[in-house]
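Heads up, the sequence shown is in full-length UniProt numbering, so the first residue is 1 and it goes up one at a time.
A virtual CB, placed ideally from N, CA and C, is assigned to each residue, including glycine.
Given the structure is predicted, the values throughout are model-derived calculations rather than measurements.
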Amino acid sequence: MTSLQPARAPRAPRRGPANRLPPERRIAEIIAAARALLAERGYENCVISDIAERAGVVEGTIYRYFENKRDLFIKVAESWFEELLGQQEDVAHVAGTQERLRRTIRRALSIIRHEPALTRFVLMELRPDPDYKNLRLYRLNRAFVSGVMQVLKEAHAKGEIDGALSLPLLRDMIFGAIEHQTWAFLREEGDFSVDETTDGITAVVFRGMQPVSVGAAGADDMAARMERMEAAIARIEAR
Numbered sequence: 001m002t003s004l005q006p007a008r009a010p011r012a013p014r015r016g017p018a019n020r021l022p023p024e025r026r027i028a029e030i031i032a033a034a035r036a037l038l039a040e041r042g043y044e045n046c047v048i049s050d051i052a053e054r055a056g057v058v059e060g061t062i063y064r065y066f067e068n069k070r071d072l073f074i075k076v077a078e079s080w081f082e083e084l085l086g087q088q089e090d091v092a093h094v095a096g097t098q099e100r101l102r103r104t105i106r107r108a109l110s111i112i113r114h115e116p117a118l119t120r121f122v123l124m125e126l127r128p129d130p131d132y133k134n135l136r137l138y139r140l141n142r143a144f145v146s147g148v149m150q151v152l153k154e155a156h157a158k159g160e161i162d163g164a165l166s167l168p169l170l171r172d173m174i175f176g177a178i179e180h181q182t183w184a185f186l187r188e189e190g191d192f193s194v195d196e197t198t199d200g201i202t203a204v205v206f207r208g209m210q211p212v213s214v215g216a217a218g219a220d221d222m223a224a225r226m227e228r229m230e231a232a233i234a235r236i237e238a239r
C-alpha cells in the first residue's frame, strides 16, 4: 500500500524588496526630501548624500532619476510652481480692479514669505542662467504671472488704464516692486510686512495706471498724481 505524502503548500510568489516603489512615487519622495532640506539649509548646503538619507534611498537611486544636484532642484522648483498654479485663486468674481490687483499682489508676497528658500533658488540660482528661458520652469513662471496680466487686460478693456501705458511694462513694474521690497528678506538681511507692502504697491500701481485727463487740468492732475506716487514710494522705502 502506497503511503500518503502530505500535500505541499503552494509556493508563495517571489517578492521584491519591501521598499520597492513605483518610479513616480519614488521621484516624489526624493523631491519632497530635497525640498525639506532646501528649506532647512539653503541650496549651497544641500548635498546628495543627505537628500538620499532623508528620502530613505541610496545615492545611486537619486542619480537614476536626476542628472545632478542642480537638475534635482530644478525639478523641485517645477513641482512647487505646479502646486502654486493648482492653487491659483480666480479673482474674476472679486469686485473692483484695485481689489483684484491687491489680492494678486498679496498672494505673490505671501508665497515669498512662506517659501523663501525656493524663491531664493529660483531668483538667485536659476534666473541669471543664460539657459533659464529654455527651462520648463520659465514657462511655469510665465503661467503664474499671467494672473496679474489678466487683471490688467480686464482693466484696460474697461478703460481703467491709460491707453498709452504698456501692459507688459505694468506687469514687470509690479513684480519688480515685489522683488525689490522682499530682496533684503530673501538675503536674510531684513524683513517685510505682507499687508503693508501689498497696500503700498497696489496704491502706487493703481493710481499710476489710471487714465490722464486732457489739457491744463490734466497736466495739473498728472503732477499731483506723480507727487502722490513719489510720496507712496517714499513711505514704502522707509519701512
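Item                                                                                                                           : Value
Three-state secondary structure assigned by DSSP to Q210                                                                       : coil
Identity of the residue in D162, L137 and E29 nearest W80 by Cα                                                                : L137
CB contact flag (E29, A52, <7 Å)                                                                                               : no
Residue of F185, R41, K69 and V148 minimising C-alpha distance to D90                                                          : V148
Pair within 7 Å by beta-carbon distance, R102 and T197                                                                         : no
The region 153-168 contacting the region 105-120, beta-carbon criterion three pairs below 8 Å                                  : no
Three-state class that DSSP yields for E24 in the structure shown                                                              : helix
Three-state secondary structure assigned by DSSP to H93                                                                        : coil
Cβ-based neighbour list, V151, same chain, cut-off 8 Å, excluding 5 preceding and 5 following                                  : V91, T97, R100, L101 and T104
Contacts around I48, its chain only, beta-carbon distance under 7 Å, and the 5 residues preceding and following it disregarded : E59, I62 and K69
For N141, three-class secondary structure by DSSP                                                                              : helix
Where K75 falls, given that 16 or more other Cβ within 10 Å makes a residue buried                                             : buried
8 Å contact criterion, which V122 and A77 should meet: CB distance rounded                                                     : 6 Å
Uninterrupted alpha helix (DSSP H) stretches inside the region 95-158 (no shorter than 4 residues)                             : 97-114, 116-120 and 136-157
Simplified DSSP state of R187, which is helix, strand or coil                                                                  : coil
Chain-order list of residues whose beta-carbon lies under 6 Å from that of A39 (same chain, five-residue window excluded)      : A117
CB-CB length for L186 against R120, believed under 8 Å                                                                         : 5 Å
Candidates A34, Y65 and G42, of which the one nearest D50 by Cα                                                                : A34
Where I178 falls: helix, strand or coil (DSSP)                                                                                 : helix
Identity of the residue in R25, F73 and Y132 nearest L37 by Cα                                                                 : F73
Where D162 falls: helix, strand or coil (DSSP)                                                                                 : coil
L109 beta carbon less than 7 Å from that of residue 240                                                                        : Because the chain in this structure spans residues 1 to 239, residue 240 falls outside the shown range and cannot be described.
Separation of G200 from A184, as counted between CA atoms                                                                      : 17 Å
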